[in-house]
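This is the structure in structure tokens:
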């Protein structure tokens, strides 16, 4: 069997949609979106957020679905097919997913630990002290990693085991089946949290804080950039995942409708998460006699400090509700981590003379070993800086380059014709301009980020720490991308990708 | 909840979930026709 036949294919449309939505829905939908929305105009934020979804998120999903579907290769192959010089960009995006995998599994590992702690009540009254001193045993600086924290390493190995098992079973039997189990469980778990949350005293204060629109914020460009940033980071776009998933689509696939379902499904989930999170924060604020703004936070602080505190104050079923909350993080995290890993495994096995399992073994060994660095006592610092570098710089730079190549150099009209021929409803010229416009928005985001960095380096870390873990990772990704692009590929890759490069446009050939 | 918050909540939920439901209906119709 040739590699092309061996790549695998989604068994059903619903399987693909669930996997794509599962990839998009991650920890950020639960712990980032509600805070970003509430602190950028509340309900008014939803206006730029929805505009960003329809003018950037869904258009890029359509573009990436089309490229993966047409070329049937992971991202290095897609860019190499356009022009061999662009292959390095594909590897750069693959490196981003590689590094994200190394710390993402650790957060899922923490969630497994906290699922257990929810029943035992191990975090006690001082949830902050428990997280940093008892559980993570955090060192005083990023340059002091301490030793391997076995309380963290053990669940991390479990997470690697689950991901490895799923990916080893292939696209249809592994990824598709896992998402068909995880996604309904995730929705049910979230709905339980929402129902419990909105029936608590004080919940309405939280929902008022989340939804009440402050329209004056709409004149602030930062709010618009926050909306575009939220959409950009939450849809798994511009860092190899969507292209890899789309490469397993059958030839006859409705690209546009699939993209709309993925984008709308992801954002609908975010909104429900916001209701769950803020109703519980409203309850907690009332119980403590403070304002909702005072307990409102995002990220690790929200999930592992504020939520355990809120769970402590629940009138009943504390352990069960706590366990269900951390289950939502686990299901959302696993459905995303599988897609992150698939993008890397597909890239390696597509280019080199390796089977899927051989590529998976090599990837798991390399990324698994590196993830143990994040499971050390100083691992939280490493996670924070690597996450910042890969997301705020890596993905934005990769996005700009991708959209410049595909939007401004490649014949985007041919892609529009291609997707319109395959889909039930069509996109007009607005789609082309959305792609071009988003590239400019990303440039503005990057410039503002660099400007801010000069005046105040990220997180108050020392320049040495930012240099080692932030700049260091960026250099490895860039140099590594060029090295892998130069490496000789398998005969099949040479024939399929290098020998038949594209004439700057997508041709519609349906078998 | 105040009136403005309720209006925003209903409108955004309708747009997102309603949009998703319409796309899903089209997809299911497609699957049936195959």
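Chains as they are written, first to last, in the numbering used here: chain A, 217 to 727; chain B, 12 to 45. Just so you know, even glycine gets a beta-carbon here, dropped at the ideal spot from N, CA and C. Predicted, not measured: the structure shown is a model, and the values here were computed from it.
Please confirm whether residue i and residue j have their CB atoms less than 8 Å apart.
| i | j | result |
| --- | --- | --- |
| residue 641 (chain A) | residue 465 (chain A) | no |
| residue 421 (chain A) | residue 519 (chain A) | no |
| residue 322 (chain A) | residue 553 (chain A) | no |
| residue 334 (chain A) | residue 521 (chain A) | no |
| residue 305 (chain A) | residue 295 (chain A) | yes |
| residue 616 (chain A) | residue 679 (chain A) | no |
| residue 374 (chain A) | residue 31 (chain B) | no |
| residue 546 (chain A) | residue 413 (chain A) | no |
| residue 277 (chain A) | residue 402 (chain A) | no |
| residue 257 (chain A) | residue 434 (chain A) | yes |
| residue 632 (chain A) | residue 646 (chain A) | no |
| residue 380 (chain A) | residue 272 (chain A) | no |
| residue 274 (chain A) | residue 476 (chain A) | yes |
| residue 543 (chain A) | residue 398 (chain A) | no |
| residue 590 (chain A) | residue 318 (chain A) | yes |
| residue 424 (chain A) | residue 281 (chain A) | no |
| residue 454 (chain A) | residue 614 (chain A) | yes |
| residue 226 (chain A) | residue 387 (chain A) | yes |
| residue 245 (chain A) | residue 523 (chain A) | no |
| residue 378 (chain A) | residue 638 (chain A) | no |
| residue 344 (chain A) | residue 717 (chain A) | no |
If you compare alpha carbons, which of the options is closest to residue i?
| i | options | result |
| --- | --- | --- |
| residue 713 (chain A) | A:300, A:546 and A:384 | A:300 |
| residue 326 (chain A) | A:350, A:314 and A:305 | A:350 |
| residue 525 (chain A) | A:674, A:503, A:509 and A:684 | A:503 |
| residue 699 (chain A) | A:292, A:660, A:395 and A:533 | A:292 |
| residue 324 (chain A) | A:376, A:276 and A:348 | A:376 |
| residue 538 (chain A) | A:338, A:268, A:316 and A:281 | A:338 |
| residue 329 (chain A) | A:303, A:567 and A:369 | A:369 |
| residue 488 (chain A) | A:511, A:458 and A:426 | A:426 |
| residue 457 (chain A) | A:228, A:722 and A:284 | A:284 |
| residue 39 (chain B) | A:388, A:229, A:378 and A:238 | A:229 |
| residue 618 (chain A) | A:347, A:308 and A:424 | A:308 |
| residue 563 (chain A) | A:549, A:579 and A:551 | A:579 |
| residue 241 (chain A) | A:510, A:449, A:623 and A:719 | A:449 |
| residue 437 (chain A) | A:716, A:709 and A:660 | A:660 |
| residue 722 (chain A) | A:410, A:668 and A:287 | A:287 |
| residue 170 (chain A) | A:313, A:266 and A:701 | Within the shown structure, residues of chain A are numbered from 217 to 727, placing residue 170 (chain A) beyond reach of any answer. |
| residue 372 (chain A) | A:586, A:237, A:410 and A:224 | A:586 |
| residue 18 (chain B) | A:669, A:429, A:393 and A:514 | A:429 |
| residue 270 (chain A) | A:675, A:517 and A:483 | A:483 |
| residue 625 (chain A) | A:302, A:665 and A:582 | A:302 |
| residue 16 (chain B) | A:223, A:670, A:237 and A:259 | A:259 |
Which residue comes first and which comes last in the alpha helix (DSSP H) that contains residue i?
| i | result |
| --- | --- |
| residue 474 (chain A) | 471-504 |
| residue 41 (chain B) | 14-44 |
| residue 252 (chain A) | 249-254 |
| residue 690 (chain A) | 688-702 |
| residue 729 (chain A) | Because residue 729 (chain A) is not part of the residues shown, which for chain A are 217 to 727, the question remains open. |
| residue 419 (chain A) | 419-427 |
| residue 534 (chain A) | 534-567 |
| residue 713 (chain A) | From DSSP, residue 713 (chain A) is part of no alpha helix (DSSP H); its letter is neither H nor E. |
| residue 300 (chain A) | Premise fails: residue 300 (chain A) is in no alpha helix (DSSP H) and is neither H nor E. |
| residue 238 (chain A) | 229-240 |
| residue 513 (chain A) | Segment: none, residue 513 (chain A) is in no alpha helix (DSSP H) and carries neither H nor E. |
| residue 433 (chain A) | Where residue 433 (chain A) is concerned, there is no enclosing alpha helix (DSSP H), given that its DSSP letter is neither H nor E. |
Excluding five sequence neighbours on each side, which residues of the same chain lie with their C-beta closer than 6 Å to the C-beta of residue i?
| i | result |
| --- | --- |
| residue 416 (chain A) | 499 |
| residue 493 (chain A) | 250 |
| residue 696 (chain A) | 311 |
| residue 534 (chain A) | 527 |
| residue 741 (chain A) | One cannot answer for residue 741 (chain A) here, as it falls past the ends of chain A, which runs 217 to 727. |
| residue 261 (chain A) | 253 |
| residue 560 (chain A) | 310, 313, 314 and 579 |
| residue 555 (chain A) | 239 and 457 |
| residue 515 (chain A) | 247 |
Output needed for residue i: all residues of its chain with C-beta closer than 8 Å, excluding positions within five of it in sequence on either side, in chain order.
| i | result |
| --- | --- |
| residue 363 (chain A) | 592 and 593 |
| residue 341 (chain A) | 528 |
| residue 685 (chain A) | 358, 597, 598, 601, 602 and 605 |
Using C-beta distances below 7 Å, list every residue in its chain close to residue i, excluding the 5 sequence neighbours before and after it, in chain order.
| i | result |
| --- | --- |
| residue 408 (chain A) | 540 |
| residue 565 (chain A) | 571, 572 and 575 |
| residue 635 (chain A) | 278, 282, 471, 472 and 643 |
Going residue by residue through the region 340-393 of chain A, where are the continuous alpha helix (DSSP H) segments of at least 4 residues, counting only ones entirely within it? 366-384, all fully within the region 340-393 of chain A.
For the region 604-633 of chain A, which segments carrying the alpha helix (DSSP H) assignment without a break, of at least 4 residues, lie completely within its bounds, in sequence order? Listed in chain order, the complete alpha helix (DSSP H) runs (minimum 4 residues) inside the region 604-633 of chain A are 612-619.
Short-range partners of chain C found in the region 454-472 of chain A, where Cβ spacing is below 7 Å: Protein chains A and B are contained in the structure displayed, whereas chain C is not.
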